[in-house]
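**Q** Chains as they are written, first to last, in my numbering: chain A, 240 to 432; chain B, 405 to 685.
Quick one: this structure, given as structure tokens, is what I'll be asking you about.
Written as structure tokens, this is what we have:
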């Protein structure tokens with residue numbers, strides 16, 4: 240399993256300040272730290288890995304170009320990067336005019352042998368969970384990826400999605416509740432089938 | 405209401421999951437909601453484990469790294485530019501500074517003879533003789549950008565009144581070429597009208613009204629701190645009949661204090677010259 244550790248906010252601000260001052264090392268450190276979560280976020284929403292790679296590179300191109308302009312991020316670097324990624328994904332979907340199709344199997348890591356609950360969940364429901372996710376609205380999918388997948392805070396998620404914190408709380412609750420209903424329906428079908 | 409409570413409880417559970425607590429520990433915090441929360445938390449944990457293979461991420465990261473670095477080096481050097489409005493304001497400010505600086509330079513170099521009574525006490529119509537040129541143009545670059553160039557032009561003009569003469573016996577009314585109008589009388593009791601002290605518009609008008617008509621009313625309306633004309637700025641008694649320009653100078657001094665350097669003073673360059681003369685003296 241990949242464990243993503245994003246920089247703390249103070250460290251992030253220091254990195255951003257150094258990058259804005261033209262320190263190449265800081266720019267590259269930002270790249271190393273934020274490429275995995277940004278790529279993963281995009282990859283979960285885009286069907287093709289090459290497309291995901293292109294979009295991720297575009298995010299960082301925009302970042303390095305903005306460093307020397309008036310639109311450079313000043314605070315919440317990760318929020319800025321996710322916002323850019325989100326806009327690029329939206330543009331990508333508009334161009335394709337299709338919902339992203341993702342091969343489910345590759346997204347799930349091997350089950351942990353230390354957590355029986357996780358073993359049960361992944362063995363029994365891994366595909367079903369993702370199928371249920373795919374049946375949610377785009378915004379519900381997004382909030383689940385950001386909040387649970389990337390483990391962003393409520394504030395960051397709200398900022399990225401342009402919603403209020405209360406709306407994000409409600410949205411994540413409704414999304415999981417919908418998934419629960421879908422999963423239960425699937426179980427019943429299996430048991431009756 | 406119940407939904408709202410569950411929404412808050414579920415969010416708290418998510419935060420606890422993020423903090424590393426186990427599902428069982430979290431459910432112990434909410435035993436009354438455990439049956440509802442457990443499947444939801446299991447789903448949440450399942451979503452948390454949806455990951456892109458690390459090999460795919462690393463391969464993409466390696467491929468893009470050099471391109472990002474190239475883009476970073478290829479990005480143009482940042483040049484700070486002022487917004488257009490600020491650029492124009494800065495240009496005008498510099499123009500004003502150059503104008504005043506230019507006038508002081510003329511005084512300093514002796515081109516303007518401050519002791520020349522004919523000039524000092526003459527009507528404004530006599531002052532074009534001391535201007536260096538009727539038109540002064542200043543080109544100023546406000547910022548480093550090639551496009552941020554502002555040009556300020558100043559045209560010094562003066563009007564000649566048929567009754568104006570450089571002698572001390574000038575007419576009581578002197579009209580400057582700018583919007584400022586000064587009316588002088590031969591008495592010391594002249595003062596600003598209340599409307600003058602209240603407005604700080606660049607096109608302020610200073611008026612000295614004849615004593616019999618206005619002096620009985622005006623002082624009661626003016627606060628003590630805004631006494632319009634200090635006694636030392638009033639023209640001497642023996643020059644009352646020709647002291648219009650001295651009046652100009654004192655008025656301008658007061659005006660500068662109250663207006664904080666109105667742009668209108670730029671246009672009244674001749675008048676300001678008189679004011680500065682008084683100060684320097």
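Don't be surprised by glycine CBs; every beta carbon is placed ideally from N, CA and C.
Quick one: does residue 353(A) have its CB under 7 Å from some CB of chain B?
**A** The predicted position of residue 353(A) is uncertain, since its pLDDT is 49 and thus under 50; a value taken from the coordinates is nonetheless stated next. No, because no Cβ of chain B sits closer than 7 Å to the Cβ of residue 353(A).
**Q** For residue 303(A), collect the residues of the same chain with a Cβ closer than 8 Å to its Cβ; drop the 5 residues on either side in sequence, then sort them by chain order.
**A** 266
**Q** Does the pairing of the region 320–330 of chain A with the region 274–281 of chain A give three or more beta-carbon distances under 8 Å?
**A** yes
**Q** Helix, strand or coil, according to DSSP, for residue 472(B) in the structure here?
**A** In the three-state DSSP reduction, residue 472(B) falls in the helix class (H, G or I).
**Q** Express the C-alpha separation of residue 419(B) and residue 319(A) in angstroms, rounding to a whole number.
**A** 22 Å
**Q** Find the residues of chain B that neighbour residue 221(A), judging by a C-beta separation of less than 8 Å, and give them in chain order.
**A** Outside the displayed span of chain A (240 to 432) sits residue 221(A), for which this structure offers no information.
**Q** Could you tell me the distance, in whole angstroms, from the CA atom of residue 370(A) to the CA atom of residue 422(A)?
**A** 9 Å
**Q** Are the beta-carbon atoms of residue 464(B) and residue 250(A) separated by less than 7 Å?
**A** no
**Q** Using only CA atoms, which one of 475(B), 500(B), 414(B), 455(B) lies nearest to residue 436(B)?
**A** With respect to the C-alpha of residue 436(B), the residue from 475(B), 500(B), 414(B), 455(B) having the closest C-alpha is 414(B).
**Q** How is residue 323(A) classed by DSSP in three states: helix, strand or coil?
**A** helix
**Q** Comparing alpha-carbon positions, which option in 331(A), 375(A), 415(A), 417(A) lies nearest residue 290(A)?
**A** 331(A)
**Q** Find the nearest neighbour of residue 445(B) within the set 429(B), 493(B), 489(B), judged by alpha-carbon distance.
**A** 429(B)
**Q** Looking at C-alpha atoms only, which residue of 288(A), 410(A), 263(A), 424(A) is the closest neighbour of residue 383(A)?
**A** 410(A)
**Q** Rounded to whole angstroms, what is the Cα-Cα separation between residue 256(A) and residue 438(B)?
**A** 46 Å
**Q** Would you decide whether residue 586(B) is buried or exposed? Buried here means 16 or more other CB atoms lie within 10 Å of its CB.
**A** Any reading at residue 586(B) needs caution, since the residue's pLDDT is 41, under 50, leaving its predicted position unreliable; the model's value is listed next. Buried is the label assigned to residue 586(B), since at least 16 other Cβ atoms lie within 10 Å of its Cβ.
**Q** What are the start and end residues of the alpha helix (DSSP H) that includes residue 274(A)?
**A** 263–284
**Q** Quick check on residue 295(A): buried or exposed, where buried means 16 or more other Cβ atoms within 10 Å of its Cβ?
**A** buried
**Q** Closer than 6 Å by C-beta to residue 373(A): which residues in its own chain qualify, once you throw out the five before and the five after it? Chain order, please.
**A** none
**Q** For residue 400(A), I'd like the list of residues in its chain whose CB is within less than 8 Å of its CB, leaving aside the five on either flank, ordered along the chain.
**A** 325, 378, 381, 382, 385, 407
**Q** Can you check whether the C-beta of residue 281(A) is within less than 7 Å of a C-beta belonging to chain B?
**A** No, no contact with chain B.
**Q** Just checking my contact of residue 270(A) with residue 300(A) at CB under 8 Å: how many whole Å lie between their CB atoms?
**A** In fact, because the Cβ distance is near 11 Å, the residues do not count as touching under 8 Å.
**Q** State the Cα-Cα distance for the pair residue 425(B) and residue 494(B), rounded to the nearest angstrom.
**A** 59 Å
**Q** Which residues of chain C have a Cβ atom closer than 8 Å to the Cβ of residue 400(A), listed in chain order?
**A** The structure shown has no chain C; the protein chains it does contain are A and B.
**Q** Which residue from 448(B), 491(B), 476(B) puts its Cα closest to that of residue 260(A)?
**A** 476(B)
**Q** If we count the other Cβ atoms within 10 Å of its Cβ and call it buried at 16 or more, is residue 489(B) buried or exposed?
**A** exposed
**Q** Beta-carbon separation of residue 443(B) and residue 413(A) under 7 Å?
**A** Not a contact, by the Cβ cut-off of 7 Å.
**Q** Starting from residue 389(A), follow the alpha helix (DSSP H) in both directions and report where the run begins and ends.
**A** Run containing residue 389(A): none; DSSP gives neither H nor E here.
**Q** Nearest chain A C-beta to residue 435(B) closer than 7 Å, yes or no?
**A** no
**Q** Against chain B, with Cβ distances strictly below 7 Å, would residue 304(A) count as a contact?
**A** yes
**Q** How is residue 496(B) classed by DSSP in three states: helix, strand or coil?
**A** helix
**Q** Answer yes or no: do residue 387(A) and residue 440(B) have a C-beta to C-beta separation smaller than 7 Å?
**A** It is not a contact, given that the beta carbons lie outside the stated cut-off.
**Q** Restricting to Cα atoms, I'd like to know which of 274(A), 415(A), 262(A) is closest to residue 376(A).
**A** 415(A)
**Q** CA-CA distance, residue 392(A) and residue 314(A)?
**A** 15 Å
**Q** Since residue 275(A) and residue 461(B) are thought to touch, with beta carbons under 8 Å apart, how far apart are those beta carbons, to the nearest angstrom?
**A** Here residue 275(A) really is in contact with residue 461(B); their C-beta atoms are around 5 Å apart, less than 8 Å.
**Q** Near residue 215(A), what residues of its chain come up, given a Cβ to Cβ distance below 8 Å and the 5 sequence neighbours on each side ignored?
**A** Because chain A is modelled from 240 through 432, residue 215(A) falls outside the range shown and cannot be assessed.
**Q** In whole angstroms, what separates the C-alpha of residue 466(B) from that of residue 262(A)?
**A** 20 Å
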